[in-house]
Amino acid sequence: MKQHNTPDHPKRKKGRGSVLRFFVLIFVLAIMISGVACSIFSYQNVMNSITKKSADTAYSVSVILSDLYNSDYESENQMLQGSYFREDKRMKRISKLLQFLCKDMDLEYLYVFDVDEENNNYLCYFTAAADDDMNAKVSEERGFGTIVHVDSISQSIKDALHGSTEVNLERTNNEYGDVYSWYYPLHDSDGNVEYIVGADFSAKIIQDSIVQQTLQFCIPTLIVLLLVFTIVVLTIRHKVFLPLQLVASRMNHFIEDKDKAEPLVMKANNEVGAIADSFNKMRQDIDTYLAEINTLTTEQVQHQTQMEIAQRIQYGIVPAHTHIKEDAYEVNAIEQPCKNVGGDFYDCFLRGEQELCFLVGDVSGKGITAALFMVMTKTSIREKLMQGFSPAEALNSVNDEICQANPEGLFATVFVAVLHIGTGHLTYANAGHTLPVFFREQASFRKVDPGIPVGLFEDAGIINGEELFCPGDGILLYSDGVTEAVDPSDNFFGEERTLSAVREAKTAVEAAQSLQSAVKDFYQEREAFDDLTILAAFYRGYTAMVSLQPQLSELQSIKKLLQEMFAESSLLKKVLLVCDEIFTNIVTYSGADQIDFCCDRMEKKAVLLLADNGKAFDPTQADTVPKDFEEMDTGGMGIAMVRQMTDTMLYQRRSGKNYLLLTVPLTHE
Numbered sequence: 064m065k066q067h068n069t070p071d072h073p074k075r076k077k078g079r080g081s082v083l084r085f086f087v088l089i090f091v092l093a094i095m096i097s098g099v100a101c102s103i104f105s106y107q108n109v110m111n112s113i114t115k116k117s118a119d120t121a122y123s124v125s126v127i128l129s130d131l132y133n134s135d136y137e138s139e140n141q142m143l144q145g146s147y148f149r150e151d152k153r154m155k156r157i158s159k160l161l162q163f164l165c166k167d168m169d170l171e172y173l174y175v176f177d178v179d180e181e182n183n184n185y186l187c188y189f190t191a192a193a194d195d196d197m198n199a200k201v202s203e204e205r206g207f208g209t210i211v212h213v214d215s216i217s218q219s220i221k222d223a224l225h226g227s228t229e230v231n232l233e234r235t236n237n238e239y240g241d242v243y244s245w246y247y248p249l250h251d252s253d254g255n256v257e258y259i260v261g262a263d264f265s266a267k268i269i270q271d272s273i274v275q276q277t278l279q280f281c282i283p284t285l286i287v288l289l290l291v292f293t294i295v296v297l298t299i300r301h302k303v304f305l306p307l308q309l310v311a312s313r314m315n316h317f318i319e320d321k322d323k324a325e326p327l328v329m330k331a332n333n334e335v336g337a338i339a340d341s342f343n344k345m346r347q348d349i350d351t352y353l354a355e356i357n358t359l360t361t362e363q364v365q366h367q368t369q370m371e372i373a374q375r376i377q378y379g380i381v382p383a384h385t386h387i388k389e390d391a392y393e394v395n396a397i398e399q400p401c402k403n404v405g406g407d408f409y410d411c412f413l414r415g416e417q418e419l420c421f422l423v424g425d426v427s428g429k430g431i432t433a434a435l436f437m438v439m440t441k442t443s444i445r446e447k448l449m450q451g452f453s454p455a456e457a458l459n460s461v462n463d464e465i466c467q468a469n470p471e472g473l474f475a476t477v478f479v480a481v482l483h484i485g486t487g488h489l490t491y492a493n494a495g496h497t498l499p500v501f502f503r504e505q506a507s508f509r510k511v512d513p514g515i516p517v518g519l520f521e522d523a524g525i526i527n528g529e530e531l532f533c534p535g536d537g538i539l540l541y542s543d544g545v546t547e548a549v550d551p552s553d554n555f556f557g558e559e560r561t562l563s564a565v566r567e568a569k570t571a572v573e574a575a576q577s578l579q580s581a582v583k584d585f586y587q588e589r590e591a592f593d594d595l596t597i598l599a600a601f602y603r604g605y606t607a608m609v610s611l612q613p614q615l616s617e618l619q620s621i622k623k624l625l626q627e628m629f630a631e632s633s634l635l636k637k638v639l640l641v642c643d644e645i646f647t648n649i650v651t652y653s654g655a656d657q658i659d660f661c662c663d664r665m666e667k668k669a670v671l672l673l674a675d676n677g678k679a680f681d682p683t684q685a686d687t688v689p690k691d692f693e694e695m696d697t698g699g700m701g702i703a704m705v706r707q708m709t710d711t712m713l714y715q716r717r718s719g720k721n722y723l724l725l726t727v728p729l730t731h732e
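If you're matching positions, the sequence shown starts at 64 in this note's numbering and goes up one per residue.
In structure tokens, the structure reads:
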């Protein structure tokens, strides 16, 4: 049979322990513990029995001596005379009684003595042995009145001498044998210790008793334990181990070849049966789960394929980075897609030689649908701009086209701008995009008409806005991936951080890169959930300015330039009238010592720029209230005429100079 050695189907480890073997080891350990416990119990039982015998013997001896003490003898001193007692029949009877007690209570020796602690002497009164020969020997050697000198008195004898009735035990091994000795005090009628009774038990007899009682207790216990264990093991093997082996075998078959694995049928109404039921349910759940996994995997592969296609589309249409630096302008753009591929885009291109078009947009949705919608929107806006449409015209036209066919209901926010390179005239339009940042003497948000996103409604009514850029001015466009960036604490990056990040920027590169770095640092370790698109455009200076002296005779130079540009007399007349009026006012009233002039002809309009270093005067803020004919002589008639002949009049005062931009529509009268 084929073996599965993959990580998902590991082989059974050799020598893996069995639960049954574990139970056997536990039982052997239990037997060992039981044997130790039986030994301890037997030892305690034997020692308690011997202690009780010693106490009983001491008590018997005390009764005998009390009878003797209370007899008709003249005095205790008379009783202590050895020759008298050796002839006394009563003393012989007492000695025989003590020997009888030795034999009856399995004692080796039984003796009564007194202690002289000062001289380390024992005064023997009565000594008896169970053995007749030893009895004769000890009677002779330790007879009545015999004084035995020792090196030291044992602590057990001292304790008994001082009245202790606890177990005063010690083990000795001498010429009388290896014995355990118990000492018990005998008191007189006043409670004073009169004598000490010593009882010696053979150490061998005690050890044999311990072994015998241990065997008597342990053998039946172990037989019962072995019988119970055998019954338990057989029951567990039949009820637990064999069913578990069957479950394990079915599980292995299911792992190796789930198609051939059969459902597990188990009649046991216990935990093993519950395991079998759980295995059958698990088998069904795994089959269902694998089917769902296959479906999800297929969908994920399809989704991943779509995302890869969307990434290729986005990377192919929108470069990751664009940097354009010319004498008159600088553009720096950054595109940083997120993992899910959003619909951010930007574009930057020239329309003719004098107009720079740039835009930033954000399409709703993710994936390939958003990517295709982004391509369509970006391409359509570029096409409209290249046809000469203004930003608002381009956005309105693209919006109407999308609304005619937009089955997915997608939309896009877009900000479009066109910069006239020669004059710094900026025309822009917003279709629901984020607020731009304008760079003049300082960076600030510019509140522009918000408009509505492209693709939502027909007739969007998006309008143009206009600005006059002086050298060093710029604009920053970005997607909502900047302001809606979220840090690990769920705080938004917001507009305030956006403005703070670019406040010190002086070039397009500084503005774009500083904002990108600020957003990246704000995310920290958190993954970006939206695309990040940034475009900065800075105006560097005028390239076609003509310097004129503040003299009316310079009007001839202006006329010559205009004649080269406008062949039609009607158009030339209109532009010349505007230039004549503005130039005359500057020469007459400003006090300037230098005037710069620039003019460019576009498809639908003429763009004029005049700059002087005279005193500040904003013609866009001049009195616009209508006057009677008689009041015209007081001034203002020329400015009013210029307003009527131009579409745009923009003024800036920068670095001590006046900048005035005018656009004259090129229509035939």
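The C-beta atom is built at its ideal place from N, Cα and C for all residues, glycine as well.
With H, G and I counted as helix, E and B as strand and the rest as coil, what does DSSP make of residue i?
{"i": "Met142", "result": "Its pLDDT being 45, under 50, Met142 is placed unreliably by the model, and the measurement read from it follows with that caveat. Residue state, collapsed to three classes: helix."}
{"i": "Val381", "result": "coil"}
{"i": "Thr353", "result": "Per the sequence shown, the amino acid found at residue 353 is Leu instead of Thr. The answer is helix: DSSP assigns Leu353 an H, G or I state."}
{"i": "Phe646", "result": "helix"}
{"i": "Ala391", "result": "coil"}
{"i": "Ser219", "result": "helix"}
{"i": "Lys429", "result": "coil"}
{"i": "Gln399", "result": "strand"}
{"i": "Gly698", "result": "For Gly698, the pLDDT reaches just 49, beneath the cut-off of 50, and the residue's location in the model is therefore unreliable, although a value from the coordinates is still provided. Reduced to three states, the DSSP call for Gly698 is coil."}
{"i": "Ser610", "result": "strand"}
{"i": "Lys720", "result": "strand"}
{"i": "Val727", "result": "strand"}
{"i": "Ala468", "result": "coil"}
{"i": "Met741", "result": "Lying outside 64 to 732, the shown extent of the chain, residue 741 is not represented and no answer is given."}
{"i": "Tyr586", "result": "helix"}
{"i": "Gly240", "result": "strand"}
{"i": "Met712", "result": "strand"}
{"i": "Gly336", "result": "helix"}
{"i": "Arg509", "result": "coil"}
{"i": "Glu558", "result": "helix"}
{"i": "Ser265", "result": "strand"}
Contact check, residue i vs residue j under 8 Å by CB: the rounded distance?
{"i": "Met712", "j": "Thr683", "result": "5 Å"}
{"i": "Ala266", "j": "Val242", "result": "6 Å"}
{"i": "Ile380", "j": "Lys441", "result": "6 Å"}
{"i": "Leu578", "j": "Ala591", "result": "In fact, because the Cβ distance is near 14 Å, the residues do not count as touching under 8 Å."}
{"i": "Phe342", "j": "Val296", "result": "The Cβ separation is near 25 Å, so there is no contact."}
{"i": "Asp407", "j": "Asp425", "result": "5 Å"}
Within a Cβ cutoff of 6 Å, which residues of the same chain sit near residue i, ignoring the five residues on either side of it in sequence?
{"i": "Tyr106", "result": "Ile273"}
{"i": "Ser217", "result": "Glu233"}
{"i": "Ala383", "result": "Glu398"}
Excluding five sequence neighbours on each side, which residues of the same chain lie with their C-beta closer than 8 Å to the C-beta of residue i?
{"i": "Ile658", "result": "Ser610, Leu611, Gln612, Pro613, Glu617, Phe646, Ile649, Val650, Leu673, Ala674 and Asp675"}
{"i": "Lys667", "result": "Gly451, Pro728 and Leu729"}
{"i": "Asn108", "result": "Gln276"}
{"i": "Phe585", "result": "Ala548, Asp550, Phe556 and Arg560"}
{"i": "Ser97", "result": "Cys281, Thr284, Leu285 and Leu288"}
{"i": "Asn182", "result": "His212"}
{"i": "Asp696", "result": "Bear in mind that a pLDDT of 46 at Asp696, under 50, signals an unreliable position, so the model cannot answer this."}
{"i": "Leu625", "result": "Leu635, Val638, Leu639, Cys642 and Cys662"}
Nearest CA to the CA of residue i: which residue from the options?
{"i": "Phe474", "options": "Glu456, Thr432 and Leu489", "result": "Thr432"}
{"i": "Asp263", "options": "Asp251, Ala191 and Ile294", "result": "Ala191"}
{"i": "Pro733", "options": "Lys152, Arg717, Gly430 and Ile387", "result": "Shown here, the chain extends from 64 to 732; a query on residue 733 therefore has no answer."}
{"i": "Gln576", "options": "Asn554, Arg589 and Ala599", "result": "Ala599"}
{"i": "Glu257", "options": "Tyr188, Val438 and Leu307", "result": "Tyr188"}
{"i": "Thr209", "options": "Leu186, Gly487, Glu362 and Val175", "result": "Leu186"}
{"i": "Leu170", "options": "Asp195, Glu180, Asp179 and Asp177", "result": "Asp195"}
{"i": "Pro499", "options": "Leu723, Ser460 and Thr596", "result": "Thr596"}
{"i": "Gly528", "options": "Met449, Val423, Thr228 and Glu456", "result": "Glu456"}
Identify, in the order they occur along the chain, each residue of the same chain with its Cβ nearer than 7 Å to the Cβ of residue i, setting aside the five sequence neighbours on each side.
{"i": "Cys307", "result": "Just to set this straight, residue 307 is Leu in the shown sequence, not Cys. Same-chain partners within the cutoff: Val335."}
{"i": "Thr235", "result": "Val242 and Ser244"}
Is any non-hydrogen atom of the ligand ZN found closer than 6 Å to the C-beta of residue i, if you look at the structure I gave you?
{"i": "Val91", "result": "This structure does not include the ligand ZN; it has no bound ligands of any sort."}
Are at least three pairs of beta-carbons, each pair with one atom in the region 481 to 488 and one in the region 504 to 516, less than 8 Å apart? Not touching, per the Cβ criterion.
Does the region 548 to 560 come close enough to the region 530 to 540 to have 3 or more Cβ pairs within less than 8 Å? Short answer: they don't touch.
Check whether the region 189 to 209 touches the region 285 to 292, taking contact to mean three or more Cβ pairs, one atom from each stretch, closer than 8 Å. No, the region 189 to 209 does not touch the region 285 to 292.
Count the CB pairs spanning the region 458 to 478 and the region 516 to 536 that are closer than 8 Å, and state whether there are at least three. Under the three-pair Cβ rule at 8 Å, the region 458 to 478 counts as touching the region 516 to 536.
Touching by the beta-carbon criterion (3+ pairs, under 8 Å), the region 279 to 286 and the region 231 to 247: Under the three-pair Cβ rule at 8 Å, the region 279 to 286 does not count as touching the region 231 to 247.
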